[in-house]
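Residue numbers (this note's numbering): 776 to 846.
Every residue, glycine too, gets a C-beta built ideally from N, C-alpha and C.
Source: prediction; values computed, not measured.
To start, the structure itself, in structure tokens.
Below, the structure is given as structure tokens:
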């Protein structure tokens, strides 16, 4: 039924908390990007960056080191 007494307030509180956390995270992330607080090498929790970028870089460094060692 549509009676408010039938709904659990915990669910509403949880949803509002998640919404607040998302908005706050977005605000702090944008602020940190504008202020250049995040290190360039940090890609795991930045927009348009992936942790796979570091894996690719690490594999390339290892392959380059192996090639130099063989010479």
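How about residue 825 and residue 832: do their beta carbons lie closer than 8 Å? Here residue 825 refers to the residue found at position 50 of the chain shown. Here residue 832 refers to the residue found at position 57 of the chain shown. For residue 825 and residue 832, no; Cβs fall outside 8 Å.
Pair within 8 Å by beta-carbon distance, residue 821 and residue 813: Counting from 1 along the chain shown, the entry for residue 821 is found at position 46. Counting from 1 along the chain shown, the entry for residue 813 is found at position 38. In this structure, residue 813 lies closer than 8 Å to residue 821 by Cβ.
How far does the alpha helix (DSSP H) with residue 832 in it extend, from its first residue to its last? Translated into positions along the chain shown, residue 832 becomes position 57. Start and end: 827-845.
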